[in-house]
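Data block below; observations after.
Numbering (this note's numbering), first residue to last: 3 to 222.
Laid out in structure tokens, this is it:
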């Protein structure tokens, strides 16, 4: 005898399993967008966000390196994102400005405005258009991250040290100055020494010079 409940139960279990698999896939897709906790650390970066009507400039602190998305979260930009199949996740809104988090995230034919992403790694003097999305980039100490809502232009550039402040380089060690050699005493040749025993006083020795001997036979 066949039990009609079993096929129904099997279909129900299958739906549960498929739902669990989809949930895992969704969790993995969003794993790269998990924000780092806002805590002080040994690294600092600058985040500049130009909404078109105003500019937000923030200095963030973190440990090691973080993603560009994490940098936006630490800057308080409240990023809203949308995932495009096979193309990754795009930033739709920052500070409440931008496009809806749907298929129009990157603009439409009538309004092509979108959030353009620029970067300036530590030591660089200007912007570079980012080749990767915010979830794939890595932000390190001294970096500057830039975003602008519009037709793809860059925000105004500001150097890291101009915003966050940098300690001046250490002063060079002073070069020691040699002390001048004292002048020799009068009557002493350079490099010689003075006789202070009195034996060199005028008239105290033979005219011929020191070391002359008296002939004991003289005067006899």
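Just so you know, even glycine gets a beta-carbon here, dropped at the ideal spot from N, CA and C.
Assign residue 81 to one of two classes, buried (16 or more other C-beta atoms within 10 Å of its C-beta) or exposed (fewer than that). Translated into positions along the chain shown, residue 81 becomes position 79. So residue 81 counts as buried.
Is the beta carbon of residue 127 less than 8 Å from the beta carbon of residue 52? On the chain shown, position 125 is the one that residue 127 refers to. On the chain shown, position 50 is the one that residue 52 refers to. Result no, Cβ atoms of residue 127 and residue 52 do not sit closer than 8 Å.
Assess contact between the segment 157–175 and the segment 73–91, defined as three or more Cβ pairs (one per stretch) separated by less than 8 Å. Is contact present? no
Kindly indicate the opening and closing residues of the alpha helix (DSSP H) around residue 92. In the chain shown, residue 92 corresponds to position 90, counting from 1. Careful: residue 92 lies outside any alpha helix (DSSP H), inside the beta strand (DSSP E) at 90–96.
Residue 118 vs residue 155 beta-carbon contact at 8 Å: Looking up residue 118 in the chain shown gives position 116. Looking up residue 155 in the chain shown gives position 153. For residue 118 and residue 155, yes; Cβs fall inside 8 Å.
For residue 228 versus residue 106, is the C-beta spacing smaller than 8 Å? The chain is shown only over 3 to 222; residue 228 falls outside these bounds and no answer can be derived.
Where does residue 130 land, buried or exposed, given buried means 16+ other C-beta within 10 angstroms? Within the chain shown, the letter at position 128 stands for residue 130. Residue 130 comes out exposed.
Reference residue 89, options 70, 133, 72, 110, closest by Cα: Walking along the chain shown from the start, residue 89 turns up at place 87. The candidate whose alpha carbon is nearest that of residue 89 is 133.
Just to confirm, are residue 124 and residue 144 a CB contact at a threshold of 8 Å? On the chain shown, residue 124 is found 122 positions in, with the first residue counted as 1. On the chain shown, residue 144 is found 142 positions in, with the first residue counted as 1. Against a cut-off of 8 Å, the Cβ pair of residue 144 and residue 124 comes out as a contact.
Hey, how far is the Cα of residue 58 from the Cα of residue 122? As a position in the chain shown, residue 58 is number 56, starting the count at 1. As a position in the chain shown, residue 122 is number 120, starting the count at 1. Distance between the alpha carbons of residue 58 and residue 122: 17 Å.
Would you mind sorting residue 148 into buried or exposed? The rule is 16 or more other CB atoms within 10 Å of its CB. Here the question's residue 148 lines up with position 146 in the chain shown. It counts as buried.
Nearest to residue 268 by CA position, among 70, 113, 47, 76, is which residue? Residue 268 falls outside the range modelled here, since the chain spans only 3 to 222, and no answer is possible.
Extent of the continuous beta strand (DSSP E) to which residue 159 belongs: As a first step, residue 159 is located in the chain shown; it is residue number 157 there, counting from the start. Per DSSP, residue 159 belongs to no beta strand (DSSP E) and is neither H nor E.
In terms of alpha-carbon separation, which member of 177, 169, 49, 66 lies closest to residue 75? Taking the chain shown and counting its residues from 1, one reaches residue 75 at position 73. The residue with the shortest Cα to Cα distance from residue 75 is 49.
Tell me, to the nearest whole angstrom, how far the beta carbon of residue 166 is from that of residue 61; I am working on the premise that it is less than 8 Å. Taking the first residue of the chain shown as 1, we reach residue 166 at position 164. Taking the first residue of the chain shown as 1, we reach residue 61 at position 59. Between residue 61 and residue 166 the Cβ distance is about 5 Å, and since that is below 8 Å, they are a contact.
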